[in-house]
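From first to last, the protein sequence lines stand for chains Y and Z.
All you need for this note's numbering is the position in the first sequence, starting with 1, plus 173.
All you need for this note's numbering is the position in the second sequence, starting with 1, plus 3.
Beta carbons: idealized from backbone N, C-alpha and C, even for Gly.
Written out below as structure tokens is the structure these notes cover.
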Amino acid sequence: MSDVQTPVREQAHQEPPPDRAGAVLRAVTQGRVTTSLLAVLMAFVLGALLVCLTDDRVAAAAPYFLRRPGDLLAAVGQAVGGAYLALFQGAVWAPRDTFAASIRPLTDSLMFATPLITAGLGVALAFRVGMFNIGARGQILVAAACAGWASSSLHLPVGVHVAVALAAGLAGGALWGGIAGLLKARTGAHEVIVTIMLNYVAFYLVSLLLRTPVLQVEGSANPRSRPADATAVLPPLFGDAHTTHAGFVLALLAVAGVWWLLDRSALGFRFRAVGLNPRAARVAGIDVERVYLVVMVLAGALAGLAGAGQVLGTVTTGFGVSIEAGIGFEAITVALLGRSRPLGVLLAGLLFGAFKAGGFAMQSMQAIPVDLVLVLQSLIVLFIAAPPLVRALFRIPAPARGQE
Amino acid sequence: MKLELRGITKRFGTLVANDAIDLVVEPGQIHCLLGENGAGKSTLMNVLYGLLRADAGQILLDGAPQHFDGPGDAMRAGIGMVHQHFMLVPVLTVAENVVLGDEDVRGPGWLDMRTARRRVREISERFGFDLDPDALVGDLPVGVQQRVEIVKALARDARVLVLDEPTAVLTPQETDELMATMRRLADAGTALVFITHKLREVREVADRITVIRHGRVAGAAEPGTTTRELARLMVGRDVTLTVDRPPARPRGDGLRVDGLTVRDASGRALVDDVTLQVRGGEVLGIAGVQGNGQTELVEAITGLRAPSAGTVRLGDDDLTRAGVRAVLAAGVGHVPEDRTHDGLVGEFSIAENLVLDRSFGPPFVRRGEVRRAHLAEFARQRVDEFDVRTSSIRTQVRRLSGGNQQKVVIARELARPLRLLVAAQPTRGVDVGSIEFIHRRIVETRDAGTPVVVVSTEIDEVLGLADRIAVMYRGRVVGVVPAGTSREVLGLMMAGTPIEETDAA
């Protein structure tokens, strides 16, 4: 094969080491599907171990393992099986009288997944341009405030109102993301620092607004917003008995849109070029700074869609500052697990939505703390961030340097 | 110390980088390892230095088999390596750099710099290096920095010294000094391995020559072997080392650079009041040792860097602060000097790289969408025309050899109607076969009436391509001389001697 890069080390030797963050990003966005799947699998295995270690019956059976090994094995099976069955029943299917009632866990999962998918897309899109967008939290909060204001302070006809409220949310997120993009483009300020700081600014800004007439319920001392007008609410998808709302459809549209943007459009071509090699992009006449700004505006808008969906679909009776509910950070995990591909983000978002829905069921049915779900999520990130670890565990040969 | 490599084999996946290589280096000998980029020289040396582990084969020192798990082991065994890119800390002194990683310590952790300085002075005197142990490395010229690297190896008692492409960054005069140094080291009993692809240097200094091709020993040669014969061994077939070209017929205004000055953030002039003209149908060669302002000059011409004074005009267009996109749109083709960092997106396919600069509109973009079928057709045609060896236009560019990568860059830049071609180091790290091809395309571009600027640190390339040669030194143009100027005069000019003071004037 004459077109293969010859002596790989020779090449590596002649190049200065690429910057570390860039290398990490590249490793994450170009990791294999199997790495993601194995990371999830490993997390479940370690999670099972954790369940056993904290289970009373397992602890009771362990000391006499040598005499009656069956007891321990049965206890382990019960603990692990019970935990994961509860997770499944809470997230996908719980047998009830009617089909509609049986799939309630599944529709709950979709509801939880909706903001994770859209915010995850925002983080993933920025990843693909080589930027760590840690600011989904702030973008969601600002978007929620904007959409919340538009949904309760404007009074518009059916259809128009929800569109205007959504647009307000998107604009708020886009603005918040755009600030980070603008600062990066104009001053070179690192987006990680800027977005983290903007998260705080957004949090306290929204806290403040929730105590002013802009958002607060009249005559109340609580920092809660007014409920959304009925005209501004995203309709439920499967009837009132289910929590999934039209935001889920918007999330699917966003997945398709981001796919088109990245894989088909000229703008996405420039995005990817800048993400993979900003220097070459610049030499080819691409305005790298402009790309930084544009992508952060779009990423912010996507996170904004998550925030608006929360306010207009999930919590329509008025919200507090806890409306963000950790979605901003989980979105980072979702983008990582989805390897920054739109379809990957969709699947990862669905999985994490299921985790959320199932975690509560696990706690109530098996008395296993909901924190186990957090541990699972964290382990997944850990395994994804360390592909060599997964490769070593499963004895997958390391890809040749020139080919990874 | 006698170094012996027996049957060294190193594979990367399916690729055999070293295939049962045998090599014997005697003490007191300069052994040249000659081969093209990618032939496997550096892989072999990295195996020797413990950076890579061989899949098969043995390393013997004075007949005793060795096992290296890392450079530390190799160093302790008496092997020293001077890398092409220096491993020095610019803000430390010469003595500090020399002892770094191997510091003399007194008592509970006090650095013994007195001993360090003495060691540097001793070695320096023994080999006539003239090094001040207290000088900051960052202040030293490149040639002197290289001596620091050599002293670093010698201070660790290296008896086998490997020099990896040491002349790439040196002026011809500095190269001569290095060769004298190598000879002195050999006379003192050190075994030297000198890695290069420059035939002239090999003939000057080698006691023994081993030629490596496609990871195998292609043959051994005596020092007296002709360059033509060495080139044949290296490439595996007869090669034309000179470019066939009719005399230039300059016409039109072309590119005019007037009083161009580029400053870095601290105000130092990187390009200092440069005035040049290149007319249509001629090649202006810009010669100079690396880092004398050529890079910045090209960046200023192509819009990547805003000059602090002066103008760049192409025909009637003022391109001085136009920005990259406008400069490219004005018909400037730019082959950047560092193709992996500036010329290509390694993870992109060949097809995508061929239109890297054309994502703004027709013919490859319609209504914001990339026209994939159109692009594929274009890419296939370019790949054929430029003889890019690949199985598919969807192959990632980073998986191509250096020569094929460079052909992709050239194919892209020559795809638009050009009013100026700026090619920086167009054949660096490119195999001899591709060099011929690229040179021919550059001459064809010239003959089509386009002004061409070729920047190269290789004198042979400048002599082979240029109709006029501008020599740069510390950001200034020392002089512009005609094509037939001798290598010696160019060498002196590259070291800063004005043309009037060279004997040729």
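Query	Result
Using a Cβ-Cβ distance cut-off of 8 Å, determine whether G575(Y) contacts chain Z.	Legend: pLDDT at G575(Y) = 36, less than 50; position of this residue unreliable, value from coordinates given subsequently. So yes, G575(Y) belongs to the interface.
Classify A20(Z) as helix, strand or coil using the three-state DSSP reduction.	strand
Among the candidates L424(Z), F351(Z) and V435(Z), whose CA atom is the shortest distance from the CA of S395(Z)?	F351(Z)
Give the secondary structure of A297(Y) by DSSP, where H, G and I count as helix, E and B as strand, and everything else as coil.	helix
Which residue from R437(Y), T207(Y), V265(Y) and A419(Y) puts its Cα closest to that of A376(Z)?	R437(Y)
Take every Cβ of the segment 408–423 of chain Y, pair it with every Cβ of the segment 353–363 of chain Y, and state whether three or more of those distances are shorter than 8 Å.	no
Tell me which same chain residues have a C-beta within less than 7 Å of the C-beta of D261(Z), skipping the five on either side of it?	T278, G313 and T314
With distance defined between alpha-carbon atoms, name the residue in I353(Z), P136(Z), R401(Z) and L317(Z) nearest to L95(Z).	P136(Z)
Per DSSP, which residues does V259(Y) bridge with? Please list them.	Position check: residue 259(Y) holds Ala in this sequence, whereas Val was assumed. DSSP, once it has assigned bridges, lists no residue as partnering A259(Y).
May I have the straight-line CA-CA distance separating S209(Y) from R471(Z), to the nearest angstrom?	58 Å
8 Å is my cut-off, CB to CB: does R455(Y) come that close to chain Z?	yes
Q187(Y) to V446(Z), Cα distance in whole Å?	Note on Q187(Y): pLDDT 34, under 50, position unreliable in the model; no value is reported.
Take R129(Z) as the anchor and find which of V433(Z), R219(Z) and T184(Z) has the nearest alpha-carbon.	T184(Z)
Counting only runs that start and end within the segment 463–543 of chain Y, where is the alpha helix (DSSP H) found for 4 or more residues in a row?	500–510 and 515–539
Could you give the distance in angstroms between the alpha-carbon of V101(Z) and the alpha-carbon of T305(Z)?	40 Å
Name, please, each residue of chain Y whose Cβ falls closer than 8 Å to the Cβ of R120(Z).	What R120(Z) touches in chain Y: nothing, since even the nearest Cβ is about 30 Å away.
G346(Z) versus chain Y: which residues are under 8 Å apart at the beta carbon?	A453 and V456
Hey, how far is the Cα of R449(Z) from the Cα of G146(Z)?	35 Å
Along the segment 301–324 of chain Z, what residues have a CB closer than 8 Å to any CB found in chain Y?	T305 and L307
Straight-line CA distance for T193(Z) to V214(Z)?	21 Å
Suppose you measure from the CA of P242(Y) to the CA of L222(Y); what does that come to, to the nearest Å?	17 Å
Which same chain residues end up closer than 6 Å to G349(Z) when comparing Cβ atoms and leaving out the 5 residues on each side of it in sequence?	V400 and R401
Measure the beta-carbon distance from V425(Z) to V456(Z) and round it to whole angstroms, keeping in mind my assumption that it falls under 8 Å.	5 Å
Mapping DSSP to helix, strand and coil, what is R359(Y)?	helix
What in chain Y is Cβ-close to G371(Z), meaning under 8 Å?	S438, A439 and L440
Enumerate in chain order the residues of its own chain whose CB-to-CB distance from I82(Z) is below 6 Å, with the five nearest sequence positions on each side excluded.	V163
Check each residue of the segment 416–427 of chain Z: if its Cβ is closer than 8 Å to any Cβ of chain Y, include it; give the result in chain order.	none
Output yes if chain Y places a C-beta closer than 8 Å to the C-beta of H200(Z); else output no.	no
If you draw a straight line from the C-alpha of P396(Y) to the C-alpha of L378(Y), how long is it?	12 Å
Any contact between the segment 138–153 of chain Z and the segment 10–23 of chain Z? By contact I mean 3 or more CB pairs, one from each, below 8 Å.	no
Looking at chain Y, is there any beta carbon in it that lies within less than 8 Å of the beta carbon of H377(Z)?	no
Spatial neighbours of T280(Y) within its chain, please: CB distance less than 7 Å, with the 5 preceding and 5 following residues excluded, ordered by chain position.	F411, H415, T416 and T417
Looking at the structure shown, is Q576(Y) part of a helix, part of a strand, or coil, going by DSSP?	For Q576(Y), the predicted model reports a pLDDT of 31, less than 50, meaning its position is unreliable; a value from the coordinates is still stated below. Coil at Q576(Y), not helix or strand.
Check whether chain Z comes within 8 Å of N372(Y), counting only Cβ atoms and requiring the distance to be less than that.	no
Could you name the residues of the segment 222–249 of chain Y whose beta carbon sits closer than 9 Å to any beta carbon of chain Z, in the order they occur along the chain?	none
What does DSSP give as the partner residues of H337(Z) in its beta bridges?	V425(Z)
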